[in-house]
Amino acid sequence: MSKKDLHTFIDEIDLKGELKVINSKVSRDLEITEITDRVSKSHGPALLFRNVEGSKYPVLMNAMGSYKRMSMGLGAHDLDEIGAQIEEYLDLGNYLSIKKLVRSIPRLLRLIHVFPVKSRFKGECQQVIEKDVDLDTLPVLKCWPEDAGRFFTLPLVFTKDYKTKQQNVGMYRMQVLSKTTTGMHWHKHKDGSEIYKGYKERGMKMPVSVALGCDPAITYASTAPLPKMIDEMMLAGWLRKSNVKMVKCITNDIYVPANAEIVLEGYVDPSEELVLEGPFGDHTGYYSLADYYPRFHVTCITHKKNAIYPATIVGKPPMEDCYMAKATERIFLPMLRLIMPELIDMNLPLEGVFHNCAIVSVRGRYPGIGNKIMNSIWGMGQMMYTKLIVVVDETVDVQDLAQVRDAVLNNVSTESLFICEGPLDALDHSSNKALYGSRLGIDATGIKDKEENVGNTYHILTVHKERPGQGMEVLELYLKSNPDKFVIVVDDDVSPDDLSTVMWKVFNNIDAKRDLVMLENKIGIDATKKWKEEGITRDWPNDIVMSQKIKQMVSERWKEYGFDESIR
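Last residue of the sequence shown: 572 (this note's numbering), numbering continuous.
This is the structure we're talking about:
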């Protein structure tokens, strides 16, 4: 069922008991983050803060922060339903007879909704027009203590290629720099950055508009890993089963979704010097470090009369963005199967924060199938940033991590590891080179004799690191004197019983060429924080942690917000 706008979605999740309204006055600086983080980690509801200090706008948080709400937002009972619908389109057997073709008509008719429609009239997002711009009137959040300022965290950034005139949308965080300017944090490999280069080469200002608070299908589609030539609004239209209505902005020629709550119109001037932006508590669970990015000038703000400001927080998983990543996993799986017929299923575990880990199951027993699948994945779009790929056979359910663990313990030897170099995500901090480093493939396919697998165990060590190289020293000593097949060492601020945090550290902190030790078919992984004395040439970011003062304040006000002890 199509969601008319964000208000429609809020009403729907409220009816389903998936919304908590907080009427107590709260601060946009850290307090909303701490409340939302606790609720998110407890798998709690969406949050609507109606009384935010210094702003007239309510703030919506954690709207898509569960499998149920993510599915509801995309008009499905569950995310696999969407993937199954796409698979039906791709199955040519559905069109090989008149009878089957007739049965396909309802499915094919749905495609008429994919094309966005440009309106000649003003949209709901333009009910109020403010040309006297003041970004401070918006309840933009400061999310974490070491953030450089307040950041827009759910902005749909619309740009237009100068040469082709094709629009593009992406989600790039935006730090508020003044009442009329923000940073524009598009990484080098993002479409927005490529379009920016085209304007810079011609010495022209680049029109940019930012939509805040569209319906969930539009918001999700803006993050989807689509080829550059495909308009993200086409995917949104198919998901929401109705065409996306677009309206022209007041002060530039960018078109934005008419149902947006708030729109920021303006431009980026490539002739200006880049501005220092960050640090920012990012989705990896670490702070991304300060760097230089373009400045976005806001020339006009338009909004609905009853606008709601949407935001999200990112950090150590699970967070709302993890469920958006899961939607991508399920929606795009059929297309990956089309390219790789051996592929059965894929799991992007929450601890992998989008790009750090992929677990895939395959059918087929020919030699080298694991390496073939790894190379195929590393050769596809944004999958090229995957740091760790684990390949298991069709008998293993990749969604059951216990089964994956057993497959790795039983089937992997030092000869099953495949280490290569290639592109990494801009937020990866483990490599000595930005955007480039080593990646690890683990081929856990095949079924060995059960007797041969007896005693294949793993162990997690903690170390209070006092000198460079101590993690590797501990690993080597342990491997020499103990039978465990896999050994992981982490810093002593991590509990070895908290497997989720241990794996999050592994996925984030290792460089495969540097941090693996192999001894007599046993494998050790050093997931400790690395020092400059260990050859690290870049600053190592801090973990994201809320201040004790804010934690205490939120705990004291917990009942005032309307929560009971079930969420803490």
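Cβ atoms here follow ideal geometry from the backbone N, Cα and C, with glycine treated the same way.
What does residue i pair with, by DSSP beta-bridge criteria?
i, result
"G528", "V491 and V521"
"E269", "S213 and C304"
"G187", "R299"
"V591", "Residue 591 is absent from the model: the chain starts at 5 and stops at 572."
"F567", "None, per the DSSP bridge assignment."
"M3", "Since the displayed the chain opens at 5 and closes at 572, residue 3 lies outside it and no answer follows."
"I423", "L444"
"I464", "I492"
"L145", "F155"
"N621", "The structure shown does not extend to residue 621, since the chain is modelled only from 5 through 572, so no value can be given for it."
"V251", "S123 and V260"
"P283", "BP columns for P283 are empty, so no partner."
"D547", "Y290"
"Q179", "F155"
"V63", "F53 and Y313"
Alpha carbons only, please: which of the options is nearest the one belonging to residue i?
i, options, result
"D543", "I423, N27 and Y291", "Y291"
"P274", "A329, P314 and P211", "P211"
"H193", "L439, N256 and F284", "L439"
"A294", "G202, E564, E205 and D151", "D151"
"S504", "L483, L479, G289 and G174", "G289"
"D95", "I102, Q179, L342 and D138", "L342"
"N414", "S182, P345, D488 and K437", "D488"
"G319", "I548, V402, V366 and S197", "I548"
"D41", "L10, G207, H287 and P120", "H287"
"K1", "G445, T399 and K183", "Past the edges of the chain, shown from 5 to 572, lies residue 1, and the structure says nothing about it."
"V161", "M188, G153 and S559", "M188"
"C253", "Q130, P298, K553 and I234", "Q130"
"F284", "K563, T12 and P545", "P545"
"I222", "E57, M328, V412 and G426", "M328"
"F511", "G385, K104 and R443", "R443"
"V272", "P427, F300, G473 and S213", "F300"
"R206", "K167, I234, D235 and G196", "K167"
"P371", "K60, M507, L181 and D447", "D447"
"G475", "I514, P62 and W562", "I514"
"K24", "F53, H47 and F13", "F53"
"Y203", "I234, D235, T163 and L340", "T163"
"K563", "S59, T12 and I39", "I39"
"L112", "F119, K122 and Y93", "Y93"
Quick check on residue i - is its C-beta less than 8 Å from some C-beta in chain B?
i, result
"V106", "The chain inventory of the structure shown lacks chain B, comprising one protein chain alone."
Buried or exposed: where does residue i fall if 16 or more other Cβ atoms within 10 Å of its Cβ makes it buried?
i, result
"H117", "buried"
"F567", "buried"
"G270", "buried"
"E455", "The predicted model places E455 with a pLDDT of 48, which falls under 50 and marks its position as unreliable; any figure quoted below should be read in that light. Answer is exposed; the Cβ neighbour count stays below 16."
"P353", "buried"
"R124", "exposed"
"Q556", "exposed"
"E22", "buried"
"M5", "Unreliable positioning characterises M5 in this predicted model, as indicated by a pLDDT of 47, which lies under 50. A coordinate reading is not provided."
"L278", "exposed"
"M74", "buried"
"H81", "exposed"
"D9", "buried"
"V106", "exposed"
"K169", "exposed"
"D453", "Per-residue confidence for D453 stands at a pLDDT of 48, beneath the threshold of 50, marking its modelled position as unreliable; the derived number appears in the next sentence. Flag for D453 reads exposed."
"V57", "At residue 57 the sequence reads Glu, which differs from the Val that was named. Exposed."
"P143", "buried"
"R334", "buried"
"T186", "buried"
"Y259", "buried"
"T449", "buried"
The ligand SAM and residue i: does the residue's C-beta get closer than 7 Å to at least one heavy atom of that ligand?
i, result
"C304", "The ligand SAM is absent from the structure shown, which contains no ligands of any kind."
Inset, instruction - Decide yes or no for the touch test of the region 86-102 against the region 23-41: beta carbon pairs closer than 8 Å, at least 3 of them. - result: As far as the Cβ criterion goes, the region 86-102 does not touch the region 23-41, which means the pair count is below three.
Legend entry - Given 8 Å, three or more beta-carbon pairs between the region 387-398 and the region 359-374: Proximity of the region 387-398 to the region 359-374 meets the contact definition, three or more beta-carbon pairs being nearer than 8 Å.
Inset, instruction - Identify every run of the alpha helix (DSSP H) within the region 14-51, keeping only runs that are complete inside it and at least 4 residues long; order them along the chain. - result: Runs of alpha helix (DSSP H) with 4 or more residues, each lying fully within the region 14-51, are found at 35-45, listed in chain order.
Inset, instruction - Flag this pair as touching only if the region 130-138 and the region 241-248 have three or more C-beta atom pairs under 8 Å; answer yes or no. - result: Touching, no.
Inset, instruction - Could you tell me whether the region 310-329 touches the region 462-473, where touching means 3 or more Cβ pairs closer than 8 Å? - result: Contact fails between the region 310-329 and the region 462-473, because fewer than three Cβ pairs, one in each stretch, are under 8 Å apart.
Inset, instruction - May I ask you to verify whether the region 172-185 touches the region 224-234, counting CB pairs closer than 8 Å and requiring at least 3? - result: Segments in contact, yes.
Inset, instruction - Examine the Cβ distances between the region 480-498 and the region 425-437 and report whether three or more of them are shorter than 8 Å. - result: No contact exists between the region 480-498 and the region 425-437.
Inset, instruction - Decide yes or no for the touch test of the region 521-534 against the region 408-425: beta carbon pairs closer than 8 Å, at least 3 of them. - result: They touch, by the three-pair rule.
Legend entry - Inter-stretch contact (C-beta, 8 Å, three-pair minimum) for the region 256-267 and the region 211-220: Here the region 256-267 makes contact with the region 211-220; the two share three or more CB pairs at distances below 8 Å.
Inset, instruction - Please go through the region 82-142 and give each complete beta strand (DSSP E) segment of 3 or more residues, from N-terminal end onward. - result: For the region 82-142, whole beta strand (DSSP E) runs of length 3 or above, ordered along the chain, are 121-123 and 132-134.
Legend entry - the region 362-382 contacting the region 395-412, beta-carbon criterion three pairs below 8 Å: Per the Cβ contact rule, the region 362-382 is in contact with the region 395-412 (3 or more Cβ pairs under 8 Å).
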